[in-house]
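*Asks:*
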Amino acid sequence: MYDFKSDKRFENLKPFQEKLWLASPTMHGIELEYMTQAYQTNWMSTVGSNIDEMERLLADYVGVKYAAGLTSGTAALHLAIRLAGEKLYGARRAKEGTLAGHKVFCSDLTFDATVNPVAYEGGEAVFIDAEYDTWNMSPEALEKAFEIYPETRLVVLAHLYGTPGKIDEIRGICKAHKAMLVEDAAESLGASYKGIQTGNFGDYGIVSFNGNKIITGSCGGAFLSNSKSDTNKIRKWSTQSREAAPWYQHEELGYNYRMSNVIAGVVRGQIKYIDEHIGQKKEIYERYKKGLADLPVAMNPLGTEGIPNYWLSCMTIHPSAMCECMRSETGKLYSHRKGKTCPDEILDALASFNIEGRPIWKPMHLQALYRGNGFITADGSGRGITDAYIENEKKFSVGADLFERGLCLPSDNKMTAEQQNVVIDIIHRCFL
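Numbered according to my numbering, the sequence shown spans residues 198 to 629.
#1: Using only the alpha-carbon positions, how far apart do H515 and Q564 sit?
#2: Could you tell me the alpha carbon to alpha carbon distance between H299 and G320, rounded to whole angstroms?
#3: Exposed or buried, which one is W444 when buried takes at least 16 other CB atoms within 10 Å?
#4: Compare the C-alpha of G500 against each of I364, Y454, I403 and name the closest.
#5: Could you check where the alpha helix (DSSP H) with F343 kicks off and where it finishes?
#6: How far does the alpha helix (DSSP H) with I543 in it reach, from first residue to last?
#7: Pick helix, strand or coil for N618, following the three-state DSSP scheme.
#8: Using the Cα positions of A376 and K537, report the straight-line distance between them to the nearest angstrom.
#9: Using a Cβ-Cβ cut-off of 7 Å (strictly less than) and excluding sequence neighbours within five positions of S532, which residues of its own chain qualify?
#10: Can you tell me which of the three DSSP states K300 falls into?
#11: Comparing alpha-carbon positions, which option in D305, D330, L267 lies nearest P498?
#12: If you draw a straight line from the C-alpha of T223 to the C-alpha of H374, how long is it?
#13: On a Cα-Cα basis, can you pick out the residue from K479, S242, N333 that is closest to N610?
#14: In whole angstroms, what separates the C-alpha of S246 from that of P607?
#15: What are the start and end residues of the beta strand (DSSP E) that includes T305?
#16: Among the candidates K202, G528, S510, L629, whose CA atom is the shortest distance from the CA of L604?
#17: Along the beta strand (DSSP E) that carries G418, what are the first and last residues, could you check?
#18: Counting pairs of Cβ atoms below 8 Å between the stretch 217 to 232 and the stretch 464 to 473, do you hit three or more?
#19: If you follow the beta strand (DSSP E) that C371 is part of, which residue opens it and which one closes it?
#20: Whole-angstrom Cβ separation of A265 and R432, contact assumed at under 8 Å?
#21: If you follow the alpha helix (DSSP H) that R465 is part of, which residue opens it and which one closes it?
#22: Would the stretch 566 to 578 and the stretch 233 to 246 be scored as touching if the rule is three or more Cβ pairs under 8 Å?
#23: For G408, name the three-state secondary structure that DSSP assigns.
#24: If we ignore side chains and look at the alpha-carbon of each, how far apart do E553 and I481 end up?
#25: For the beta strand (DSSP E) containing S532, name the first residue and the last one.
#26: For N506, count neighbouring Cβ atoms within 10 angstroms of its own Cβ and tell me buried if that reaches 16, exposed if not.
#27: Would you check if the distance between the CB atom of P540 and the CB atom of F628 is smaller than 9 Å?
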């Protein structure tokens, strides 16, 4: 990597002694009390008062009737997608999965945890392009997808970087085509759409408590539902599907996915601080927006009918201000030009000064793992994508365009205004 510290553009700047993180856990002390309670009472496994209370507090905050604590947001997605597949297509043999032989429409611009559970269940993900208004699933592309694959009955929607997607339009399309909706709110806990929390809008919703999320358990996630029977089904599946018998009786496939009482203690202590964390993240976003206003860049959109949780502040560089750059599967190359830059140059410059940023999610249809899957854009193009299209992907894929021009900025809610000003200064110097 180029040594930006010796570059004249960055003279008089010194690296931070302690790393400035993209987003790290923010603890408050009460979490340790609940963890200690689990230790002292010896309820260290997958039952206990922390789990019960965490589920109650989370459901109450989000506005759903029930929540089930699980080992991760991915585990929650897996079981939600498995349950949706069983409802739609009936229980199949374990080796096939509940989605075997069926297509599922999934957000394209997201982390692969959103879509991997479809493969776990034997289904085939068809990726739906993003749209510029929210960076989330395009309703127009989703409608096109149903025209192309009218037999599809399941949609998996992710709310990217804490901004809600166009829920009303997407739900309306799902209803018109008699499709179920699984809502991935892993990044958007605390965000709302028309006054209702994300995680409420799908047939099932999930949230994540990964270490960098708006609140954390160090790990963990939760399944959200208004159905008691469905939530109990998830709890059963997550504890190896043990039947109500005096011995270990198993009649269906189960998983070791239940959250521990210790992790639940951390989440239990964090829940009361969700709104405080959101307020801090909002201040960070607004400082970036003001501090970068004189550059040819744009901040990630907030939508028009929702209130985000501002989990990560992101930006895109205007096409006219992009220097020459290219990426392979695992490498990158760029050539600086005065007045221009690119995400990789900015990220490398930040890293030189001990600051963490990261690229925008690489779209799923560009991943080697899923390159043979269907991909649908708002105009219906992209179907049957082959390697021949990759070089010109940005010409018709919103997600690929955002990936090429965008980056996630340091958004740690413990970051001071002075530290953030250094980040803003480095970005300015990248354009010199």
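A virtual CB, placed ideally from N, CA and C, is assigned to each residue, including glycine.
*Replies:* According to the data block:
#1: 25 Å
#2: 5 Å
#3: exposed
#4: I364
#5: 336 to 345
#6: 540 to 549
#7: helix
#8: 45 Å
#9: C520, E521
#10: strand
#11: D330
#12: 42 Å
#13: K479
#14: 36 Å
#15: Correcting the residue type first, residue 305 is Asp in the shown sequence and not Thr. Element bounds for D305: n/a, residue is neither H nor E.
#16: S510
#17: 418 to 422
#18: yes
#19: Premise fails: C371 lies in the alpha helix (DSSP H), 364 to 373, not in any beta strand (DSSP E).
#20: 5 Å
#21: 458 to 468
#22: no
#23: coil
#24: 15 Å
#25: 529 to 532
#26: buried
#27: no
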